[in-house]
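If you read the sequence shown in this note's numbering, its first letter stands for residue 355, the second for the next number, and so on. Where is the CB? At the ideal position from N, CA and C, for every residue including glycine. One structure below.
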Amino acid sequence: ESWATVPRVNNFDDADVTELEEIRQASKKDYLDRGIKLTQMPFLIKSVAMALKTNPAVNASIDEENSQIIYKQYVNVGIAVDTERGLVVPSLRNADHLSIPEIARALGQIGNNARSNSFKIDDLRGSTFTISNLGAIGGQYSTPIINVPEVAILLVGRSRKMPVVVNDEVAVRLMMPLSLSYDHRLVDGATAARFLNDVISYLQSPSRLLIAP
Numbered sequence: 355e356s357w358a359t360v361p362r363v364n365n366f367d368d369a370d371v372t373e374l375e376e377i378r379q380a381s382k383k384d385y386l387d388r389g390i391k392l393t394q395m396p397f398l399i400k401s402v403a404m405a406l407k408t409n410p411a412v413n414a415s416i417d418e419e420n421s422q423i424i425y426k427q428y429v430n431v432g433i434a435v436d437t438e439r440g441l442v443v444p445s446l447r448n449a450d451h452l453s454i455p456e457i458a459r460a461l462g463q464i465g466n467n468a469r470s471n472s473f474k475i476d477d478l479r480g481s482t483f484t485i486s487n488l489g490a491i492g493g494q495y496s497t498p499i500i501n502v503p504e505v506a507i508l509l510v511g512r513s514r515k516m517p518v519v520v521n522d523e524v525a526v527r528l529m530m531p532l533s534l535s536y537d538h539r540l541v542d543g544a545t546a547a548r549f550l551n552d553v554i555s556y557l558q559s560p561s562r563l564l565i566a567p
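Here it is as structure tokens:
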């Protein structure tokens with residue numbers, strides 16, 4: 355349905371997650387001591403959730419039957435998960451109000467549910483935006499299919515070290531590749547670029563995520 359009916363457009367960019375990774379490495383043992391695996395994903399989810407609050411067109415849906423645009427007053431981030439029975443998208447509800455530890459703990463539970471195939475129907479409903487993570491598998495960029503009736507989806511590839519110009523000097527930085535697909539009926543190129551810029555801004559200033567409400 356998405357491929358046939360949605361005029362999909364893509365934006366691609368990279369986020370410098372060098373500082374974020376330093377924070378993650380310094381914190382991951384404390385998280386493990388509490389039974390929580392800390393990856394880069396909680397930081398990405400929080401960044402997306404905060405960016406959705408300031409870019410409401412990306413956190414909307416199109417009601418085809420009634421020819422309406424529905425702007426959501428809540429931020430539920432769907433996480434695309436590959437299971438033995440195929441791809442499912444459990445929803446992380448009110449992600450903008452969750453802390454990094456809370457998101458990390460929720461991701462652990464999602465992983466457990468995926469391995470045991472124990473998702474409930476309600477777990478798979480209500481997302482307003484979807485993130486697909488190919489980092490563990492490999493690859494950099496793609497053109498993900500939008501999870502209709504949502505109007506956008508973000509795919510993250512594997513972070514890799516790259517030479518980057520910083521203050522007119524070449525430095526090795528850890529870069530996270532990001533691929534955004536969006537429905538051009540509602541989200542134009544400028545809106546998509548602003549949203550992706552906001553996501554990158556949060557990822558590159560991870561201390562903002564740690565103190566965000």
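Below 8 angstroms on the Cβ atoms is my guess for residue i versus residue j; work out the distance and round it to an integer in Å.
i: SER496; j: LEU508; result: The pair is not a contact, with the Cβ atoms about 11 angstroms apart (cut-off 8 angstroms).
i: PHE483; j: ALA458; result: Contact flag wrong, Cβ pair sits at about 19 angstroms.
i: VAL431; j: ALA460; result: So it is not a contact: roughly 10 angstroms between Cβ atoms.
i: ASP537; j: VAL360; result: 5 angstroms
i: PRO498; j: SER535; result: 5 angstroms
i: VAL502; j: MET530; result: That belief does not hold up - the Cβ atoms of VAL502 and MET530 are roughly 26 angstroms apart, past 8 angstroms.
i: VAL518; j: ARG512; result: The pair is not a contact, with the Cβ atoms about 17 angstroms apart (cut-off 8 angstroms).
i: ARG562; j: ASN409; result: Their Cβ separation, rounded to whole angstroms, is 16 angstroms, which puts ARG562 and ASN409 out of contact at 8 angstroms.
Along the beta strand (DSSP E) that carries residue i, what are the first and last residues, could you check?
i: ASP436; result: 431-437
i: VAL505; result: Premise fails: VAL505 is in no beta strand (DSSP E) and is neither H nor E.
i: ARG582; result: Absent from the structure is residue 582, since the part of the chain shown begins at 355 and ends at 567.
i: TYR425; result: 422-425
i: SER486; result: 483-487
i: LEU441; result: 440-442
The alpha helix (DSSP H) that contains residue i, what's its start and end?
i: GLU456; result: 454-470
i: ASP552; result: 543-558
Sorted by chain position, which residues of the same chain lie with C-beta nearer than 6 angstroms to residue i's C-beta, five sequence neighbours on each side aside?
i: THR437; result: ALA468
i: ILE533; result: Note on residue identity: the sequence assigns Ser, not Ile, to residue 533. Closer than 6 angstroms at the Cβ level, and outside the excluded window around SER533, lie PHE366, TYR495, SER496 and LEU509.
i: ASP368; result: MET529 and PRO531
Excluding the five sequence neighbours on either side, which residues of its own chain have a C-beta within less than 8 angstroms of the C-beta of residue i, listed in chain order?
i: SER381; result: LEU392
i: TYR425; result: PRO410, ALA411, ASN413 and ALA414
Can you find a heavy atom of the ligand FAD that lies under 8 angstroms from the Cβ of residue i?
i: THR408; result: As presented, the structure is devoid of all ligands, the ligand FAD included, so that no description of it is given.
Could you say if the region 536-554 and the region 376-396 meet the contact criterion of at least three C-beta pairs nearer than 8 angstroms?
-> no
Residue ranges of each alpha helix (DSSP H) within the region 355-419, 4 or longer | Counting only runs of 4 or more, we get 356-359, 372-387 and 395-408.
Using 8 angstroms as the threshold, is the region 438-453 in touch with the region 400-415, meaning 3 or more CB pairs across them?
-> yes
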